[in-house]
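Participant: Here it is, the structure, as structure tokens.
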Amino acid sequence: MTPRTKVVPVWIPSHVGIPGNEKVDELAKLALNQEIHDDKQVIWSELKLKVNTHLEQLWQTDCDTEVDNKLHEIRPNLKERFNYDEILNRKQ
Numbered sequence: 001m002t003p004r005t006k007v008v009p010v011w012i013p014s015h016v017g018i019p020g021n022e023k024v025d026e027l028a029k030l031a032l033n034q035e036i037h038d039d040k041q042v043i044w045s046e047l048k049l050k051v052n053t054h055l056e057q058l059w060q061t062d063c064d065t066e067v068d069n070k071l072h073e074i075r076p077n078l079k080e081r082f083n084y085d086e087i088l089n090r091k092q
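Using full-length UniProt numbering, the first residue of the sequence shown is number 1, and each one after it goes up by one.
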């Protein structure tokens, strides 16, 4: 850099307009303003299971509303294991 170079840092909110991120920001701000004293310990494996189950339900609900696509045609229930032999059978 030369002595004449001017550097101006600019903050760019990268998640503006993304509903999920804005909701998380809103909930985080609410949580900061609440005085909650909870002495319960979080069991991370249970938390992970609950979060994954919730996300799978959201994904399934989303897929159920979009029935006119290839994924829904070959795998309408996302929890069922994929049968590759059936799908890759070229005789069908």
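Note that the Cβ used here is the ideal one computed from N, Cα and C, for glycine as well.
How many Å lie between Asn69 and Leu55 at the Cα?
Facilitator: When rounded, the distance between both Cα atoms is 20 Å.
Participant: Hey, could you find the ends of the alpha helix (DSSP H) Val51 is sitting in?
Facilitator: Trp44 to Thr65
Participant: Find out if the Cβ-Cβ distance for the pair Leu49, Gln60 is shorter than 8 Å.
Facilitator: no
Participant: Looking at His72: is its Cβ nearer than 8 Å to the Cβ of Glu80?
Facilitator: no
Participant: Buried or exposed: which applies to Gln92, given that a residue is buried once 16 or more other Cβ atoms fall within 10 Å of its Cβ?
Facilitator: Low confidence applies here, because Gln92 scores a pLDDT of 49, under 50, leaving its location unreliable and the question unanswered by this model.
Participant: By the DSSP assignment, the alpha helix (DSSP H) with Thr72 in it spans what residues?
Facilitator: Reading the sequence as shown, one finds His at residue 72 and not Thr. Residues Lys70 to Ile74.
Participant: Could you name each continuous alpha helix (DSSP H) segment of 4 residues or more that falls completely within the UniProt domain "RNase H type-1" (1-33), going from the start of the chain to the end?
Facilitator: 19-32
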